Amino acid sequence: MKFTGVSEIDILIHMVNTVGSCESKYWNISWRSFKKGMSLTPLQRSFIIGSMLGDGTMRIGKGAINANFKVDHCLAQQEYVRWKYEILKDFVPTEPRLSYRTTKDGVRYKKSWWFRTIRHPILTEIYREFYTTDTYRCGRKIVPENIVDLLDPLAIAVWIMDDGSYNKDKIDISTYSFTLREIEILKEAMHKKFCIKMSYYNDRDIGYRMYCSKSETQKLVNLIYPYIVSSMRYKIGLSLTP
1 MKFTGVSEID
11 ILIHMVNTVG
21 SCESKYWNIS
31 WRSFKKGMSL
41 TPLQRSFIIG
51 SMLGDGTMRI
61 GKGAINANFK
71 VDHCLAQQEY
81 VRWKYEILKD
91 FVPTEPRLSY
101 RTTKDGVRYK
111 KSWWFRTIRH
121 PILTEIYREF
131 YTTDTYRCGR
141 KIVPENIVDL
151 LDPLAIAVWI
161 MDDGSYNKDK
171 IDISTYSFTL
181 REIEILKEAM
191 HKKFCIKMSY
201 YNDRDIGYRM
211 YCSKSETQKL
221 VNLIYPYIVS
231 SMRYKIGLSL
241 TP
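All letters in the sequence shown, in the order written, are residues 1 to 242 by our numbering.
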């Protein structure tokens, strides 16, 4: 494999992501030293926290020790994916890419934009907070009991941009993957930390959705507006233009 115009660290990152885990045979002194010095900024951590409530996923692959983080959104949300990449690019060796699928007739088509980080112990710490290992829900995301300590306006903004919708002057959030107890934890955290009251309802037995009344929606919008990507402003009832 020939590399030109890249550093040794670039090569090491490439090998980690194309071959597999950094705990493989490519794990060497140079890579360990570089990786040890990496850390999440407060902004990066808040972004990941919000993503874990929303569409973000983390995984510890077979034979791996540490977790990575993946972003994957529909074609129309390319700008949003790019915004996420810019936040995490210190941990991402390749820019967002297109994923493809093939129809039953053998026609290949574009499906989504995505990127994935390297594996790192810092990400593993977050993984252990947001994923359960119990038999019934093994590998599923959960809401940590201490979520109130992890939330800030950026995290809430990412959560809304991922899973929120706006209808009849109200913000509604898809929380199907969470249990009723976990939704109660989120509800209590939003009220305790931001004085925003949220409710929930059972959506046709699919699962629970959280929502705000009109007045509480306005408080929520005021909180997260500075962090909303222009192409995602429809999620809070605003047009795409400034």
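Cβ coordinates follow ideal geometry from the N, Cα and C atoms, glycine included. Keep in mind it's a predicted model, so treat the numbers as computed, not measured.
At which residues does the beta strand (DSSP E) containing T102 begin and terminate?
Note, T102: beta strand (DSSP E), 97-102.
Taking only the alpha-carbon atoms, compute the straight-line gap between K193 and V221 and give it to the nearest angstrom.
K193 and V221: Cα-Cα distance of roughly 15 Å.
Run the CB neighbour count on N167, radius 10 Å, all protein chains shown included, and call it buried at 16 or more, exposed below.
Answer is exposed; the Cβ neighbour count stays below 16.
G37 and A155: beta carbons closer than 8 Å?
Going by C-beta atoms, G37 is not nearer than 8 Å to A155.
Roughly how many angstroms separate the alpha carbons of L150 and M52, rounded to a whole number?
L150 and M52: Cα-Cα distance of roughly 11 Å.
Can you give me the C-alpha to C-alpha distance between Y176 and M198, rounded to a whole angstrom?
Taking the straight line joining both Cα atoms gives about 16 Å.
Based on Cα-Cα distance, which residue from K111, P42, T117, M161 lies nearest to S230?
For S230, the nearest C-alpha among the options comes from M161.
Tell me the DSSP secondary structure of K197 in three-state form.
If DSSP states are grouped into helix, strand and coil, K197 belongs with coil.
So, helix, strand or coil for G50, using DSSP?
Helix at G50.
Starting from the C-beta of A189, find all residues in its chain whose C-beta is less than 8 Å away, skip the five residues before and the five after it, and write them out in chain order.
The residues are I147, V148, L151.
By how many angstroms is the C-alpha of H191 removed from the C-alpha of R59?
Those two C-alpha atoms are separated by around 31 Å.
If I'm right that P96 touches W83 with Cβ under 8 Å, what's the distance once you round it to whole angstroms?
Contact doesn't hold; Cβ gap of about 10 Å is too wide.
Checking the sheet assignment: what are the DSSP bridge partners for T57?
Answer by DSSP bridge pairing, in chain order: K70.
If I measure Cβ to Cβ from S46 and keep anything under 6 Å in the same chain, skipping five residues before and after, which residues do I get?
Correct list, in chain order: D152, L154, A155.
Closer than 7 Å by C-beta to K219: which residues in its own chain qualify, once you throw out the five before and the five after it? Chain order, please.
Excluding residues within five positions, the ones whose Cβ falls inside 7 Å are I196.
How big is the Cα-Cα spacing for P144 and T133?
P144 and T133: Cα-Cα distance of roughly 13 Å.
Measuring straight from C-alpha to C-alpha, what distance separates S215 and L88?
Computed Cα separation, rounded: 34 Å.
My assumption, with CB atoms under 8 Å, is that M210 sits in contact with L180. Please give the rounded CB distance.
That belief does not hold up - the Cβ atoms of M210 and L180 are roughly 11 Å apart, past 8 Å.
Excluding the 5 residues flanking K70 on each side, which residues of the same chain have their C-beta closer than 6 Å to its C-beta?
Excluding positions up to five away in sequence, the list reads T57, R116.
By the DSSP assignment, the beta strand (DSSP E) with N167 in it spans what residues?
Run containing N167: 164-167, per the beta strand (DSSP E) assignment.
According to DSSP, simplified to helix, strand and coil, what is L75?
L75: helix per DSSP, three-state reduction.
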